[in-house]
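Number of protein chains: 2
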Amino acid sequence: MGKMISDKMKRYTQGNSAIRAMFEEGKQMAKKFGKENVYDFSLGNPNVPAPKEVNEAILDIVKNENSLELHGYMSNAGYESVRSEIADFINKKHGTNFNESNIIMTVGAAGGLNVLFKTLLNPGEEVITFAPFFSEYRMYTENYDANLVVISPNTVDFQPNIKEFEEKITVKTKVVIINSPNNPTGVVYSEETLISIGKILEKKSKEFGTDIYIVSDEPYRELVYGDIEVPYVTKYYKNALVGYSFSKSLSLPGERIGYIVIPDEADDSELIKNGAIIATRILGFVNSPSLIQKVVSKCLNCKADIEFYDKNRRILYEALTSYGFECTKPDGAFYLFLKTPNNDDAEFVKTAKKYNILLVGAASFGCPGYVRIAYCVSRQTVENSLPKFKELAKEYSLC
Amino acid sequence: MGKMISDKMKRYTQGNSAIRAMFEEGKQMAKKFGKENVYDFSLGNPNVPAPKEVNEAILDIVKNENSLELHGYMSNAGYESVRSEIADFINKKHGTNFNESNIIMTVGAAGGLNVLFKTLLNPGEEVITFAPFFSEYRMYTENYDANLVVISPNTVDFQPNIKEFEEKITVKTKVVIINSPNNPTGVVYSEETLISIGKILEKKSKEFGTDIYIVSDEPYRELVYGDIEVPYVTKYYKNALVGYSFSKSLSLPGERIGYIVIPDEADDSELIKNGAIIATRILGFVNSPSLIQKVVSKCLNCKADIEFYDKNRRILYEALTSYGFECTKPDGAFYLFLKTPNNDDAEFVKTAKKYNILLVGAASFGCPGYVRIAYCVSRQTVENSLPKFKELAKEYSLC
Chain Z
1 MGKMISDKMK
11 RYTQGNSAIR
21 AMFEEGKQMA
31 KKFGKENVYD
41 FSLGNPNVPA
51 PKEVNEAILD
61 IVKNENSLEL
71 HGYMSNAGYE
81 SVRSEIADFI
91 NKKHGTNFNE
101 SNIIMTVGAA
111 GGLNVLFKTL
121 LNPGEEVITF
131 APFFSEYRMY
141 TENYDANLVV
151 ISPNTVDFQP
161 NIKEFEEKIT
171 VKTKVVIINS
181 PNNPTGVVYS
191 EETLISIGKI
201 LEKKSKEFGT
211 DIYIVSDEPY
221 RELVYGDIEV
231 PYVTKYYKNA
241 LVGYSFSKSL
251 SLPGERIGYI
261 VIPDEADDSE
271 LIKNGAIIAT
281 RILGFVNSPS
291 LIQKVVSKCL
301 NCKADIEFYD
311 KNRRILYEAL
321 TSYGFECTKP
331 DGAFYLFLKT
341 PNNDDAEFVK
351 TAKKYNILLV
361 GAASFGCPGY
371 VRIAYCVSRQ
381 TVENSLPKFK
391 ELAKEYSLC
Chain G
1 MGKMISDKMK
11 RYTQGNSAIR
21 AMFEEGKQMA
31 KKFGKENVYD
41 FSLGNPNVPA
51 PKEVNEAILD
61 IVKNENSLEL
71 HGYMSNAGYE
81 SVRSEIADFI
91 NKKHGTNFNE
101 SNIIMTVGAA
111 GGLNVLFKTL
121 LNPGEEVITF
131 APFFSEYRMY
141 TENYDANLVV
151 ISPNTVDFQP
161 NIKEFEEKIT
171 VKTKVVIINS
181 PNNPTGVVYS
191 EETLISIGKI
201 LEKKSKEFGT
211 DIYIVSDEPY
221 RELVYGDIEV
231 PYVTKYYKNA
241 LVGYSFSKSL
251 SLPGERIGYI
261 VIPDEADDSE
271 LIKNGAIIAT
281 RILGFVNSPS
291 LIQKVVSKCL
301 NCKADIEFYD
311 KNRRILYEAL
321 TSYGFECTKP
331 DGAFYLFLKT
341 PNNDDAEFVK
351 TAKKYNILLV
361 GAASFGCPGY
371 VRIAYCVSRQ
381 TVENSLPKFK
391 ELAKEYSLC
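Sequences listed follow chains Z and G, in order. So for the first sequence, UniProt numbering puts the first residue at 1; every next one is plus one. So for the second sequence, UniProt numbering puts the first residue at 1; every next one is plus one.
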């Protein structure tokens with residue numbers, strides 16, 4: 001038993017069965033109590049459909065374009081026309097100066113991050129991430145035998161802990177991965193934060209005689225509320241690479257479509273571009289799905305109905321804080337980050353389950369003592385959960 | 001310069017520039033002589049469009065299915081209904097006994113092979129392949145720090161060299177990758193071949209106390225001519241896993257859609273299934289593209305117009321052999337494998353170029369002295385190339 005899959009995968013399958021157990025438990029609860037009586041805030045899956053322009057674009061393209069070209073191979077980097085339109089779109093929005101050679105289409109952001117990590121990382125090098133962080137970063141890093149270095153959370157405002165960051169950069173540091181708007185906190189990294197990170201990396205790479213790349217994971221870039229702006233990282237540091245996904249902005253997570261940005265200003269830009277194109281091929285992506293490439297290029301100015309998420313956000317934030325819970329005010333993504341009253345997320349998750357509320361403990365994000373509430377759920381789920389959250393608050397004598 | 005991408009990728013980018021140079025030269029020749037006067041047999045890209053049922057299915061699904069479910073996340077393994085229909089289809093066709101748990105949807109065959117390799121391979125283990133072989137296998141193997149062991153070609157009929165195979169199996173052998181119909185020869189491995197391979201693996205795995213998996217790479221399974229049958233490998237060896245792609249059968253190479261088959265009979269079947277599902281996630285595929293999953297499940301009984309390839313095959317085979325060239329008779333795929341008269345493929349490729357004929361030397365497939373002719377080109381290209389091939393034959397005094 002178990003002697004034949006790889007040792008690394010054996011470890012992962014063991015870890016994975018815990019997640020699966022939770023998922024199965026949720027399904028069992030829905031069966032037992034009725035789906036409408038279970039408040040499942042555990043999954044970060046869009047619940048707003050794609051804007052109508054997406055399906056309109058599919059119909060239009062399938063009816064009017066040459067089928068051989070539409071479903072055929074193109075350059076591993078993606079259709080030139082699509083990449084060119086994306087470059088123009090970014091330039092217009094952020095005042096950058098990209099062209100199609102700076103854009104490589106990817107199988108979502110997860111595909112893009114793996115392509116960049118494969119291109120950049122030698123075994124034993126280090127990837128720095130700021131807690132709380134998306135736990136898959138650990139696997140993506142281990143895929144290339146590099147080591148993830150976690151900077152402990154700054155629980156004041158969940159901007160990165162800059163002091164510890166500066167201390168933990170070594171001669172082995174190759175990549176700093178950032179994620180803003182952040183999963184799991186919903187916090188947007190400020191311009192000040194990006195300037196600080198950029199300055200420190202310039203100083204440290206000079207000190208060590210190395211180049212250090214920022215990889216900015218941006219699936220939630222378009223999901224921001226009010227008049228918040230998400231600064232574009234390539235403007236603050238020359239060795240900044242971007243991984244974007246349309247999964248959330250267009251509610252297309254199943255279609256696996258995104259892109260990476262490799263600016264000309266980056267050191268070894270040509271090598272990174274060529275490397276990323278080859279990595280796209282040899283990791284088995286070959287190219288990102290062809291029809292959907294063309295679809296997103298026609299929907300760059302569209303967005304899923306983020307007003308819906310915003311209203312969920314405001315209802316939950318106001319209610320939970322009024323019950324006495326301490327929450328980070330989220331400016332983006334669809335997550336609320338809640339401090340557990342007794343500083344024990346495992347215990348709190350268990351207690352919440354008594355009220356049919358399903359949450360994810362943030363120990364798995366490198367930030368124990370907090371829980372993530374994914375509010376990409378129906379309005380009904382949000383509204384019906386409020387009395388239950390209130391009971392939960394009472395159990396902890398918060399109100 | 002060049003100090004910042006990974007050492008492995010640096011090596012690949014150097015190798016890749018040779019391929020790019022050839023591709024660029026082809027484009028230059030087309031510009032110089034006119035596209036119709038260049039006979040480009042170098043690329044294995046389908047040139048027959050997808051059957052009309054594919055676009056009909058897209059329109060039907062987009063108009064009638066729930067958009068949130070259609071473009072949303074599903075299990076990393078793919079939609080259960082799609083996997084179930086594929087299992088039924090295989091069972092009906094090959095008398096197997098699969099269900100949806102045996103099928104995992106993948107990003108093409110390249111994605112599927114990487115998922116299986118990631119699941120199975122520890123660093124230092126060995127993957128055996130039979131020359132001539134698809135050269136990307138080397139990169140897929142190196143992705144997981146395993147070593148590719150190449151069995152030299154049997155140039156009599158291009159069935160695998162069974163004797164050398166038996167000798168080269170070691171305690172480190174974890175995977176034997178086979179590819180039938182074969183790229184680059186077009187040869188279909190016979191039932192006798194599969195029986196021999198199975199018997200040897202049973203013997204050797206007992207001898208070494210190991211399990212050895214066959215991974216069958218099958219993008220060309222449906223592209224066979226006449227009444228040739230491609231035996232289904234899981235019927236001949238219990239530890240046989242299949243990687244399938246719809247790229248060629250439905251002419252959808254750009255859409256990146258395929259599946260892997262993990263039979264219950266395989267040792268550690270449950271672990272491999274779970275491992276492969278996790279590998280799908282952590283390699284960054286997450287799942288294969290959602291809309292296209294549903295499309296292929298509605299087109300399982302359709303095929304691109306392979307009569308077209310068959311006619312190209314017969315025209316070229318008859319003409320080339322009549323000019324005195326020695327060719328393997330291909331039963332499948334869209335490749336013709338030609339022995340170079342002076343046993344020097346690099347020289348022959350160069351000489352052919354004088355006649356505007358573009359071929360790929362088979363040294364890159366581990367079989368020097370041969371060239372691959374990819375006949376997935378227009379009828380006009382085939383017909384207009386014949387007088388040029390005749391001149392080429394004359395230059396070598398073959399006719």
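C-beta atoms are modelled at their ideal positions from N, C-alpha and C, and glycine is treated no differently.
Chain Z contact for residue i (CB, 8 Å cutoff)
| i | result |
| --- | --- |
| residue 24 of chain G | no |
| residue 58 of chain G | yes |
| residue 267 of chain G | yes |
| residue 97 of chain G | no |
| residue 176 of chain G | no |
| residue 205 of chain G | no |
Where residue i falls: helix, strand or coil (DSSP)
| i | result |
| --- | --- |
| residue 234 of chain Z | helix |
| residue 354 of chain Z | helix |
| residue 1 of chain G | Confidence at residue 1 of chain G is low in this model, with a pLDDT of 35, below 50, so its placement is unreliable and no value can be given for it. |
| residue 261 of chain Z | strand |
| residue 65 of chain G | coil |
| residue 366 of chain G | coil |
| residue 29 of chain G | helix |
| residue 216 of chain G | strand |
| residue 344 of chain G | coil |
| residue 6 of chain Z | coil |
| residue 228 of chain Z | coil |
| residue 95 of chain Z | coil |
| residue 34 of chain Z | coil |
| residue 332 of chain Z | strand |
| residue 160 of chain Z | coil |
| residue 301 of chain Z | coil |
Interface flag, residue i vs chain G, CB-CB below 8 Å
| i | result |
| --- | --- |
| residue 379 of chain Z | no |
| residue 6 of chain Z | yes |
| residue 118 of chain Z | yes |
| residue 366 of chain Z | no |
| residue 50 of chain Z | yes |
| residue 12 of chain Z | yes |
| residue 9 of chain Z | yes |
Inter-residue CB distance, residue i and residue j (contact presumed, cutoff 8 Å)
| i | j | result |
| --- | --- | --- |
| residue 237 of chain Z | residue 214 of chain Z | 6 Å |
| residue 299 of chain Z | residue 358 of chain Z | With a Cβ gap of about 32 Å, residue 299 of chain Z and residue 358 of chain Z do not count as contacting. |
| residue 124 of chain Z | residue 172 of chain Z | 7 Å |
| residue 163 of chain Z | residue 212 of chain Z | Not confirmed; about 18 Å, so no contact. |
| residue 107 of chain G | residue 288 of chain G | 5 Å |
| residue 183 of chain Z | residue 87 of chain Z | Between residue 87 of chain Z and residue 183 of chain Z the Cβ distance is about 26 Å, and since that is not below 8 Å, they are no contact. |
| residue 119 of chain G | residue 243 of chain G | Residue 119 of chain G to residue 243 of chain G, Cβ: 12 Å. No contact. |
| residue 225 of chain G | residue 157 of chain G | Not really, about 17 Å apart at Cβ, beyond 8 Å. |
Test: residue i CB closer than 8 Å to a CB of chain A
| i | result |
| --- | --- |
| residue 31 of chain G | Here chain A cannot be found, since the structure's protein chains are Z and G. |
Paired residues, beta bridge with residue i - DSSP
| i | result |
| --- | --- |
| residue 148 of chain Z | Z/127 |
| residue 339 of chain G | G/326 and G/370 |
| residue 393 of chain Z | For residue 393 of chain Z, which the question treats as bridged, DSSP gives no partner whatsoever. |
| residue 105 of chain Z | Z/259 |
| residue 173 of chain Z | Z/126 |
| residue 241 of chain Z | Z/215 |
| residue 40 of chain Z | Z/358 |
| residue 178 of chain Z | Z/216 |
Residues within the stretch 271 to 298 of chain Z neighbouring chain G, beta-carbon criterion of under 7 Å: 271, 272, 274, 275, 278, 279, 282, 283, 284, 285, 286, 287, 289, 290, 291 and 292
Please list, in chain order, the residues of the stretch 125 to 144 of chain Z that have any C-beta partner in chain G closer than 8 Å. 136, 139, 140, 143 and 144
Taking any Cβ of chain G, which residues in the stretch 248 to 265 of chain Z have a Cβ under 9 Å from it, in chain order? 250, 251, 252, 253, 254, 255, 256 and 257
Check distances from the C-beta atoms of the stretch 221 to 239 of chain Z to those of chain G and list, in chain order, the residues that come in under 8 Å. Of all residues in the stretch 221 to 239 of chain Z, none places a beta-carbon less than 8 Å from a beta-carbon of chain G.
Selection of the stretch 181 to 201 of chain Z by Cβ proximity to chain G, strictly under 7 Å: none
Could you run through the stretch 70 to 85 of chain Z and flag, in chain order, every residue whose CB is less than 8 Å away from some CB of chain G? Result list: 70, 71, 72, 73 and 74.
By the 9 Å beta-carbon criterion, what residues does the stretch 330 to 349 of chain Z contribute toward chain G? none
Using a beta-carbon distance cut-off of less than 7 Å, what residues from the stretch 102 to 116 of chain G approach chain Z? 107, 108, 110, 111, 113 and 114
Chain-ordered residues of the stretch 35 to 47 of chain Z with a beta carbon less than 8 Å from chain G: 45, 46 and 47
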